[in-house]
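Position one of the sequence shown corresponds to residue 994 (the working numbering), numbered consecutively onward. Idealized CB from N, CA, C, for every residue including glycine. This one's a predicted model, so the numbers in the text were calculated from it and none came from an experiment.
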Amino acid sequence: MTERWTDERLDRFADKVDRIADKIDQQGEQIGRLIEAFYLELPTVKAEINSVREEAREQRETLHAELVEIKEIIKQQAIKSQAQSESLHTELLEIKEITRQQAIVAQTQAESIRLMIEMLNRKQA
994 MTERWTDERL
1004 DRFADKVDRI
1014 ADKIDQQGEQ
1024 IGRLIEAFYL
1034 ELPTVKAEIN
1044 SVREEAREQR
1054 ETLHAELVEI
1064 KEIIKQQAIK
1074 SQAQSESLHT
1084 ELLEIKEITR
1094 QQAIVAQTQA
1104 ESIRLMIEML
1114 NRKQA
């Protein structure tokens, strides 16, 4: 059985359609305001992103410069340490040679003293 569309039923249907259309219009307006707010905030957001990016770049450059400086300091310290090590090694060799020569002199003196004592003992005998 087919229902008949009466004037009253058509009016109710038209009222529902009008309410739905009004809701759609309101939501469209809300979406428009949100989009407008988004476009208004977009430059600020872009500026903040660029600021953060620039700050990160500057920090990266600063850290790189400090790293290069630290590497150079370490290199210079290594060179100084190597030079000091070589100098100490040379001094140690010189001290060994001096000690060896003094030992020879001491041995010669001890031999001379022993010979003198023998000669004195012979004279006294």
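What separation, rounded to the nearest whole angstrom, lies between the Cα atoms of residue i and residue j?
i, j, result
"Q1020", "K1009", "16 Å"
"A1096", "L1085", "16 Å"
"S1080", "I1063", "25 Å"
"D1000", "T1037", "56 Å"
"H1057", "H1082", "37 Å"
"K1039", "L1033", "11 Å"
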